[in-house]
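Counting from 1, one number per residue, gives the positions in the sequence shown under the UniProt record's numbering. For each residue, glycine too, the CB sits at the ideal point set by N, CA and C. Below: one structure, written as structure tokens.
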Amino acid sequence: MSLASVLSHGSPYVITVLIDHMGQDEEAPGTDAIKVPRGILNYGISGHAQSEVLWKLTGNLGGEQYQDLARGPLNEGGMYAERQGYHYPSPPSSKWKLSNPVTDGLSQAGVGFYAAYFQLNIPSGWDVPMSVVFNNSFQNSTEDTRGSNYRCQLFVNGYQFGKYSMYPA
Numbered sequence: 001m002s003l004a005s006v007l008s009h010g011s012p013y014v015i016t017v018l019i020d021h022m023g024q025d026e027e028a029p030g031t032d033a034i035k036v037p038r039g040i041l042n043y044g045i046s047g048h049a050q051s052e053v054l055w056k057l058t059g060n061l062g063g064e065q066y067q068d069l070a071r072g073p074l075n076e077g078g079m080y081a082e083r084q085g086y087h088y089p090s091p092p093s094s095k096w097k098l099s100n101p102v103t104d105g106l107s108q109a110g111v112g113f114y115a116a117y118f119q120l121n122i123p124s125g126w127d128v129p130m131s132v133v134f135n136n137s138f139q140n141s142t143e144d145t146r147g148s149n150y151r152c153q154l155f156v157n158g159y160q161f162g163k164y165s166m167y168p169a
């Protein structure tokens, strides 16, 4: 990636890298695939030594003293909304702008966070399988009707239920 045409010499810049690693490889006996590292393994910025570049890493809500003892630290990532606990039940959403992820979406590259509330009327004691279907996805649409390119994480009552990527792994 080249940024030379849009940067000014001597000015400070912040580059944000959002990594969606989609979890670890499944482990077959003797392959050590689970040990394959994720994240930024190496980098270079022309004209600068790696030691000149400062990184700030973010982690889960509460860091080593994570707040969600029921779900654990591996339930969430380092995005701002997760670090603020917005994926838990009853997030502080009273000041959030009302927006529809389907009709409004994002006007440029970035990360959006949406919350929805609804009641399920399931009889007590029943074990009912459920699923979430993303319309306009790669699998169930023709190329002409597919939605915008997107990835998403789905949390239900604070539990990460899954991730969706339009792009096959």
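Residue pairing by DSSP places H21 opposite no residue, since no beta bridge is assigned to it. H87 is the residue among G62, A109, G110 and H87 whose C-alpha sits nearest the C-alpha of Y117. Cβ contact annotation for P89 (same chain, cutoff 7 Å, sequence separation greater than five): N157 and G158, in chain order.
Under the three-state reduction of DSSP output, Q50 falls in the helix class. Straight through space, the alpha carbons of P37 and N60 are spaced by roughly 19 Å. Counting only runs of 4 or more residues that sit fully inside the UniProt domain "Beta-galactosidase jelly roll" (80 to 165), the alpha helix (DSSP H) segments are 80 to 83, in chain order. Across the set V133, V14, G78 and S11, the C-alpha of G78 shows the shortest separation from the C-alpha of T58. E64 counts as exposed, since fewer than 16 other C-beta atoms from the protein chains shown sit within 10 angstroms of its C-beta.
Taken through DSSP and simplified to helix, strand or coil, I34 comes out as helix. For Q67 against G39, the beta-carbon gap comes to about 24 Å, at or over 8 Å, which does not count as contact.
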